[in-house]
Amino acid sequence: MLSALLLAAGLGTPAAAASETKNLQVMSWNMCGSQRSSWHCEDTGTPQQKIDVVRYHVQNNYVHVALLQEVCEDDLTALMAQLGPGWNKNFAAYQWSQGASGKWNSRCGEDDGRADRIGTAIVVKGQMADAQEYPLPQPYVGQQRPFQCATAVYWGVRLCNVHLSPLGSNPDHPTWDYRDDQLAQLKAIVNTFPGTVFGGDFNSLSPDDPKNKAAHVWPAGLYSTGPGTEGYQECDQQGASRTGRATHSSGGKIDYLFASETRRWCAVADSAFSDHHVVIESLAVPA
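Start counting the sequence shown at 36; every next residue gets the next number (my numbering).
Printed below as a string of structure tokens:
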């Protein structure tokens with residue numbers, strides 16, 4: 036289903052830490068799970084095929100945490116049942132805003148189709164604590180995407196799932212860009228955590244990508260420019276270059292995993308069951 040050489044694509048392991056550590060494997064994946072035509076997820080597989088991708092990485096790459104975007108709530112329930120006991124989740128729904136007329140949860144299907152919600156999820160092997168959503172600037176009219184965090188108790192790490200607003204999210208003002216304000220607020224939030232892993236669909240090319248015409252949306256001090264510099268190292272980052280392998284069928288990198296912990300390896304693999312690739316980072320967390 037996915038490349039058997041996934042781990043071979045990983046980066047080299049850094050020098051061993053002085054103290055004992057716990058391994059933590061974190062996966063981020065936009066599942067493209069919507070069955071609503073406007074989300075353009077047709078021909079990306081069945082819900083069970085998408086569930087099987089997550090299960091594959093749990094079973095073969097020892098994933099302990101999955102940060103999922105565009106997952107339907109009933110499919111998340113099915114995933115949890117198949118993962119078995121000992122796993123926990125938190126779900127946060129996408130919402131559609133009509134401004135002064137109010138907003139409502141986004142549906143997985145058409146208005147006459149599946150009525151379960153679609154959103155993002157944090158899935159953790161073991162105990163989860165203090166799950167909550169944090170407000171980011173959102174389009175007053177249009178699709179609003181959640182930013183949520185939860186603590187993986189065994190590792191003592193704060194996990195955060197991100198889905199930023201692409202350019203054009205506000206149909207009344209399609210040239211308005213919310214990503215700069217969203218990333219600035221995100222940075223202020225994750226900086227308060229002593230240990231964190233945050234990732235997801237940023238809908239933004241890497242700041243050093245020569246094709247990126249909106250590199251200004253990345254605030255200073257978020258995306259590290261190398262060891263010893265301010266910010267967080269990205270999973271697929273090598274040295275000071277803030278780039279990485281493509282994570283989307285368009286050929287660009289828009290999915291990221293950042294961490295305050297020591298990177299062991301990073302892997303990226305495409306899938307027939309989403310327009311986004313799977314990103315997995317293995318981290319060494321102090322015991």
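Each residue gets a CB set at the ideal place from its N, CA and C atoms; glycine is no exception.
Nothing here was measured: the structure is a model prediction, and the numbers come from that model.
What number of angstroms, rounded off, separates the C-alpha of residue i from the C-alpha of residue j?
i	j	result
PRO49	CYS301	In this prediction, PRO49 has a pLDDT of 49, which is less than 50 and means its spatial position is unreliable; nothing more can be read from the coordinates.
GLN220	ARG149	34 Å
ILE289	GLY121	31 Å
PRO170	VAL88	30 Å
MET152	ASN65	Looking at the sequence provided, one finds Arg at residue 152 rather than Met. Taking the straight line joining both Cα atoms gives about 16 Å.
ALA327	TYR258	As displayed, the chain neither begins before 36 nor continues past 322, which places residue 327 out of reach and without an answer.
MET36	CYS107	The predicted model places MET36 with a pLDDT of 45, which falls under 50 and marks its position as unreliable; any figure quoted below should be read in that light. So the alpha carbons of these two residues sit roughly 21 Å apart.
ARG299	VAL252	28 Å
ASN140	GLY263	42 Å
SER119	ALA304	In the sequence on display, residue 119 carries Gly and not Ser. So the two alpha carbons sit approximately 25 Å from each other.
ASP146	ASP110	18 Å
ALA322	SER72	46 Å
GLY279	TYR291	9 Å
PRO254	GLY134	28 Å
MET115	ASN96	18 Å
When DSSP builds the beta bridges, which residues end up paired with residue i?
i	result
THR210	In DSSP, THR210 forms no bridge with anything.
TRP253	Bridge partners of TRP253: none, in fact.
TYR258	TYR267
CYS184	GLN167, CYS195
SER73	Answer by DSSP bridge pairing: none, since SER73 is not bridged.
SER63	LEU102, VAL314
GLY234	ASN196, LEU292
PRO321	THR56
HIS283	HIS311
VAL93	Answer is none; VAL93 lacks a bridge partner.
GLN179	GLN130
ARG149	Per DSSP, none; premise fails for ARG149.
THR297	ALA319
GLN273	SER276
CYS107	ILE153
LYS124	VAL158
ASN140	GLN130
ALA302	ILE315
Could you name the residues of the same chain whose beta carbon sits closer than 6 Å to that of residue i, not counting the 5 residues immediately before and after it, in chain order?
i	result
ASP207	VAL176
LEU202	ASP212
ASN123	VAL159, MET163
GLN217	LEU171, PRO172, LEU199
ASN205	PRO174, VAL176, GLY177, TRP211
GLY154	PHE126, ALA127, ALA128, TYR129
For residue i, I'd like the list of residues in its chain whose CB is within less than 8 Å of its CB, leaving aside the five on either flank, ordered along the chain.
i	result
SER276	ASP243
GLN117	ILE86, ARG90
GLY12	As shown, the chain starts at 36 and ends at 322. That puts residue 12 outside it, with no answer to give.
LEU194	VAL61, VAL100, LEU102, ILE157, VAL159, CYS184, ALA185, THR186, ALA187, THR231, VAL232, PHE233
LYS138	GLN130, TRP131, SER132, GLN179
ALA113	PRO82, GLN83, ILE86
ALA52	Because ALA52 sits at a pLDDT of 43, beneath the cut-off of 50, its placement in the model cannot be relied upon, and the following sentence gives the value as read from the coordinates. Excluding sequence neighbours, ALA52 sits near THR297, ALA319, PRO321.
Between the beta-carbon of residue i and the beta-carbon of residue j, is there less than 8 Å?
i	j	result
GLY144	HIS198	no
GLN60	SER317	yes
SER336	PRO174	Lying before the first or after the last residue shown, residue 336 is absent from the chain, which here runs from 36 to 322.
ALA185	ASP215	no
VAL158	ILE315	no
THR56	VAL320	yes
ALA127	GLU168	yes
GLY274	GLY266	no
GLY191	LYS222	no
PHE293	GLU269	yes
HIS92	VAL313	yes
SER69	GLU105	yes
Within its chain, find whatever has a CB closer than 7 Å to the CB of residue i; leave out the 5 residues flanking it on each side and keep chain order.
i	result
ASP310	CYS67, THR79, HIS283, SER284
ALA307	GLY80
VAL225	CYS195, THR231, PHE233
GLY161	GLY121, ALA187, VAL188, TYR189
SER295	GLY230, THR231, TYR267
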